[in-house]
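Read the structure below first, then the notes.
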Amino acid sequence: MATIIRHGPAGSYKSSYSVWYEVLPALRQGRIVITNVEGMRTLEEIEKLIGERFPNSARLYRISSQNKKGKALWQNWYNWCHLGALILIDEAQDIFNKTTGFDMAKNTFLGIDSFSEYLPADYIDFYNRIKKSYKPPEDYVDDIGERIVDENGLIIMPENFEEAFQRHRKYNWDIVLCTPNISKLGSEIKSVSETAINHSSLDGILPWKKRQTRMFFHDPRSTSIHPTKDDRVDKEKVPRAVHLLYLSTATGKTTRQNRGRPLYKEPKLMSAALALIIGFSVMINGLMGLNSDNTSTQYSVSSQQTAQPNSSSSSDGGQVPQTSLSQTSGQASPVPKERVFDSLKVSADSVLHSVGVSFKSNDLLVMPLPVQAKEVFVSSVVTQHIGNAGFKKHFVNLEIVGLDNKSHYFDSELLYKMGFNFQVVDPCLVVISYSDAKDYVTCRSHIEREPVRDEDDVQVARKTPQDLEQDIKIF
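Our numbering puts the sequence shown at residues 12 to 486.
Rendered as structure tokens:
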């Protein structure tokens, strides 16, 4: 047995929740239900629409509060409501309010006969039969000789409105008050209620939240409708079948003006979602960079490091290839005017043919490299294996021998920014393309060089033993 105030804006499912989750179970239990919910169907109509047969003891009384007669009945409900009944009062702010003539201090018990002219014809007879069923098995007399039953041996009814609320358990009453604004109910009503539940619709927030209501349980005297982490908050979906029991509006039509605010209209929530997506993307990108079984990154360096020639030496006696260079602004022309090595054809069976290099064009020497090139070699190729999906990323380091016979080293990251593209065929074979030109480079062959001797040592080596002996005598 409980006294509950359900409050929330129109469309928050407070009334429909009460009808589906409180009225319907009470009827299935064979209880008496008394309500003023607008559009409530008769018991016979409900049984027919939902295809159920309620117990014979079930009763449903519908008494409107939108007229003076009905409002007077509901302001004195404890005078005529059956014992053990579920009492659902909708729009309670229009009934228990001083502006409507309600004064709890003056509201005293008058008995059902005072309201007989307002009640259905067979109502009083059924009321008396129910009251007799609650007759105590024996008269109880306290130590001062007073009985707790009336002259007919029936239980004594509450003396006033406040006592009816406070002692509702004694009379087996379940009382549910529904109102859009709990502040419109007087403190005398809220002070005798056990709990208040704030309803808010979750429609429009997420597609699967349609027809769901959020219920925040709080003290009836509290004005806050924002729960803390320690407060009880429930969520429940109200099925469409509830309209088999009642019509929620007088016209039978509903509007969607009180739907919840969609997520895409919540800037803070969308910003948080965007930050979460970016965070997950960064995390997944990092995880994909892991290649070992324990998700750690391994780098396999597939390279052939070439020996760097002495920058002061010449280019192994090799002849400088003749290329067509444009000296304008110190830059080489990206497209050669003349190709020198046209005789070096690439076989159709070669892997180079499949990547679009049909011959050794030597275009690379006239591409806009950071320095004017005489020769270009692959210095190293570093391969990064990404995850276990077989993805690879190559880092190419080139040795560029300039016109001054000095070696310069540049990596593919810099050359990418200058417009070059790389395709690694092998750790010692890389195809380089720039604009429409394409060429390939290989690793430098290892060269065993004889140590260079100083000129004085050469002169000494050329002297005969006799000359050396003469030089010694001079000293």
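Backbone N, C-alpha and C fix where the C-beta goes; we use that ideal spot for every residue, glycine too.
Rounded C-alpha distance that separates residue i from residue j
i: I167; j: K142; result: 10 Å
i: F172; j: T110; result: 17 Å
i: D153; j: R180; result: 21 Å
i: L54; j: G156; result: 46 Å
i: G140; j: S127; result: One detail in the question is off: residue 140 reads as Arg in this sequence, not Gly. Distance between the alpha carbons of R140 and S127: 16 Å.
i: K240; j: E162; result: 53 Å
i: R488; j: H237; result: Nothing in the structure corresponds to residue 488, since the chain is present only between 12 and 486.
i: E424; j: F291; result: 27 Å
i: N87; j: R251; result: 34 Å
i: A283; j: T14; result: 41 Å
i: D214; j: V249; result: 11 Å
i: S125; j: T119; result: 12 Å
i: F137; j: L97; result: 16 Å
i: G22; j: S212; result: 7 Å
i: P148; j: H93; result: 20 Å
i: G112; j: D105; result: 10 Å
i: S202; j: N296; result: 59 Å
i: K428; j: K279; result: 38 Å
i: N78; j: A103; result: 14 Å
i: F65; j: L285; result: 53 Å
Proximity winner among the options, relative to residue i (alpha-carbon distances)
i: R232; options: I397, A37, N192, W85; result: N192
i: V382; options: K79, H18, L414, S391; result: L414
i: R39; options: K59, S29, E63, I16; result: E63
i: V34; options: N90, D101, Q86; result: D101
i: F406; options: Q104, V377, V436; result: V436
i: T394; options: Y427, Q434, Y451; result: Q434
i: L256; options: D105, P36, H18; result: P36
i: G19; options: S390, T453, F227; result: F227
i: F388; options: E410, L375, L376; result: E410
i: R243; options: F137, P66, N209, A252; result: N209
i: C439; options: Y445, C454, H237; result: C454
i: Y151; options: I159, Y145, S144; result: I159
i: L60; options: K201, D136, E170, V253; result: V253
i: G95; options: F107, A69, S194, A132; result: A69
i: S391; options: S76, E58, S456; result: S456
i: D422; options: N408, M378, N416; result: N408
Buried or exposed by the 16-neighbour rule on C-beta atoms within 10 Å, applied to residue i
i: Y24; result: buried
i: Q330; result: Unreliable positioning characterises Q330 in this predicted model, as indicated by a pLDDT of 42, which lies under 50. The coordinate reading is nonetheless provided below. Classification for Q330: exposed.
i: S326; result: Below a pLDDT of 50, predicted positions are generally treated as unreliable, and S326, at 40, falls in that range; the measurement from the model is reported next regardless. Exposed, because fewer than 16 other Cβ atoms sit within 10 Å of the Cβ of S326.
i: I43; result: buried
i: M294; result: exposed
i: I57; result: buried
i: T234; result: exposed
i: L380; result: buried
i: W31; result: buried
i: A384; result: buried
Pair within 8 Å by beta-carbon distance, residue i and residue j
i: S29; j: S259; result: no
i: A207; j: D185; result: no
i: I45; j: Y89; result: no
i: N373; j: D450; result: yes
i: K80; j: Y129; result: yes
i: I397; j: M299; result: yes
i: M115; j: E49; result: no
i: F431; j: Y445; result: yes
i: I123; j: W91; result: yes
i: Q223; j: E205; result: no
i: L376; j: I443; result: no
i: N108; j: G164; result: no
heavy atom of the ligand HEM below 7 Å from residue i C-beta
i: M429; result: No copy of the ligand HEM appears in this structure; indeed no ligand is present at all.
Which runs of the beta strand (DSSP E), 3 residues or longer, sit entirely within the region 67-136?
-> 70-73, 97-100
Scan the region 379-404 and note each continuous beta strand (DSSP E) run of 3 residues or more that stays entirely inside, going in chain order.
-> 384-397
Counting only runs that start and end within the region 16-60, where is the alpha helix (DSSP H) found for 4 or more residues in a row?
-> 25-29, 35-39
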